[in-house]
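J.:
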Amino acid sequence: MDYLVYFILLALVAEILGTVGGFGSSLFFIPIASYFLDFHSVLGVTAMFHVLSNLTKIGFFHKGFDKKLIVTLGIPAVVFVIIGAYLSRFIATKWLEMSLAVFLILLSSCFLFFKNFVIKPTTFNSVSGGITSGFIAGILGTGGAIRGMTLAAFNLKMEVFIATSAIIDLAIDSSRTVVYGLNGYIHKDDLYLIPILLVVSIIGTFIGKKILEKVSEEQFKKTVLILILITGIITAVRVLQTI
Numbered sequence: 003m004d005y006l007v008y009f010i011l012l013a014l015v016a017e018i019l020g021t022v023g024g025f026g027s028s029l030f031f032i033p034i035a036s037y038f039l040d041f042h043s044v045l046g047v048t049a050m051f052h053v054l055s056n057l058t059k060i061g062f063f064h065k066g067f068d069k070k071l072i073v074t075l076g077i078p079a080v081v082f083v084i085i086g087a088y089l090s091r092f093i094a095t096k097w098l099e100m101s102l103a104v105f106l107i108l109l110s111s112c113f114l115f116f117k118n119f120v121i122k123p124t125t126f127n128s129v130s131g132g133i134t135s136g137f138i139a140g141i142l143g144t145g146g147a148i149r150g151m152t153l154a155a156f157n158l159k160m161e162v163f164i165a166t167s168a169i170i171d172l173a174i175d176s177s178r179t180v181v182y183g184l185n186g187y188i189h190k191d192d193l194y195l196i197p198i199l200l201v202v203s204i205i206g207t208f209i210g211k212k213i214l215e216k217v218s219e220e221q222f223k224k225t226v227l228i229l230i231l232i233t234g235i236i237t238a239v240r241v242l243q244t245i
């Protein structure tokens, strides 16, 4: 029972940070959940959690979305998340976890140390961002940071940004949930977590929205990036200890 309390609290923190940072909760949730579940189960639970999380975000940030980006970024993302999710069954879980750790470290370092790095707001880049974020989300369980970086190039208003990202992510997570289910990643023993994670997603998104109303988004994103870097390092160390 103690582990469940820790799991819920850490999932809540991941949802708050994911909402405010704009990277999605999976960047934190997957490394956290890996301490409690095997990695394939983590992929299945994360996909279900994200479906609930994105429905919640659409509810809280529903004042607008960018239709063009939903098509140019969202459709490629859905196609490639299915491909990535299918391929994940052929890769050993330790390699998946280590790949996730390396991805977190490189991504956070890139954002922290190369601040002038930007993506131009072109259709080619939105399609490329959709392909990359979708494939990584399918195979590693998290691609929100790349999608967020791509969306940021289009200078959307905060609520439009979050709503557009949530709609695309909902399509991505719904697709990979089906594939993960077919892969055998979703187990009956884990289904009791769904109502718990629904409550977590509602509370976490609500708190995240309130924080965004009072705190500088840029300052908070820097804090989030540092936490992502630390999470990546801890995950890498943990995996290396098991080899």
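Start counting the sequence shown at 3; every next residue gets the next number (this note's numbering).
Every residue gets a Cβ at the ideal spot worked out from N, C-alpha and C, and that includes glycine.
Measuring alpha carbon to alpha carbon, tell me which residue in Val22, Ala13, Leu19 is nearest valine 47.
T.: By 1-based counting over the sequence shown, the position of residue 47 is 45. Selected option, being the one with the closest Cα: Ala13.
J.: What's the gap between the Cα of proline 78 and the Cα of alanine 35?
T.: Working through the sequence shown from its first residue, we reach residue 78 at position 76. Working through the sequence shown from its first residue, we reach residue 35 at position 33. Proline 78 and alanine 35: Cα-Cα distance of roughly 28 Å.
J.: With DSSP as the reference, label isoleucine 138 as helix, strand or coil.
T.: Here the question's residue 138 lines up with position 136 in the sequence shown. Three-state result, isoleucine 138: helix.
J.: Is the separation between the beta-carbon of leucine 227 and that of methionine 50 shorter than 9 Å?
T.: Taking the sequence shown and counting its residues from 1, the one referred to as residue 227 is at position 225. Taking the sequence shown and counting its residues from 1, the one referred to as residue 50 is at position 48. No.
J.: Who are the near neighbours of isoleucine 205 in its chain, counting only those whose CB is closer than 8 Å to its CB and skipping five residues on each side?
T.: Counting from one through the sequence shown, the residue named residue 205 turns up at place 203. Leu14, Glu17.
J.: Can you list, in chain order, the stretches of the alpha helix (DSSP H) that have 4 or more residues and sit fully within the stretch 184 to 224?
T.: With a minimum length of 4 residues, the continuous alpha helix (DSSP H) runs that stay inside the stretch 184 to 224 are 195 to 216.
J.: Kindly list the residues whose CB is nearer than 8 Å to the CB of lysine 211, restricted to its own chain and excluding five residues on each side of it in sequence; keep chain order.
T.: Residue mapping note: residue 211 aligns to position 209 of the sequence shown, counting from 1. Within the same chain, lysine 211 has close Cβ partners Thr21, Phe62, Phe63.
J.: Check each candidate in Leu39, Ser27, Leu11, Leu6 and name the one with the smallest Cα separation from glycine 150.
T.: Position 148 of the sequence shown holds residue 150. Ranking the options by Cα distance to glycine 150, first place goes to Ser27.
J.: Please work out which residues of its chain come closer than 7 Å, Cβ to Cβ, to valine 162, disregarding the five sequence neighbours upstream and downstream, and give them in chain order.
T.: Position 160 of the sequence shown, counting from 1, holds the residue named residue 162. Here the set comprises Gly66, Phe67, Asp68.
J.: With a threshold of 8 Å on Cβ separation, who are the neighbours of leucine 114 within its own chain once the five nearest residues in sequence on each side are excluded?
T.: The residue given as residue 114 occupies position 112 in the sequence shown. Counting only Cβ-Cβ distances below 8 Å, and skipping sequence neighbours, we find Lys224, Leu227, Ile228, Leu231.
J.: Is the stretch 92 to 112 close to the stretch 177 to 185, with three or more CB pairs under 8 Å?
T.: no
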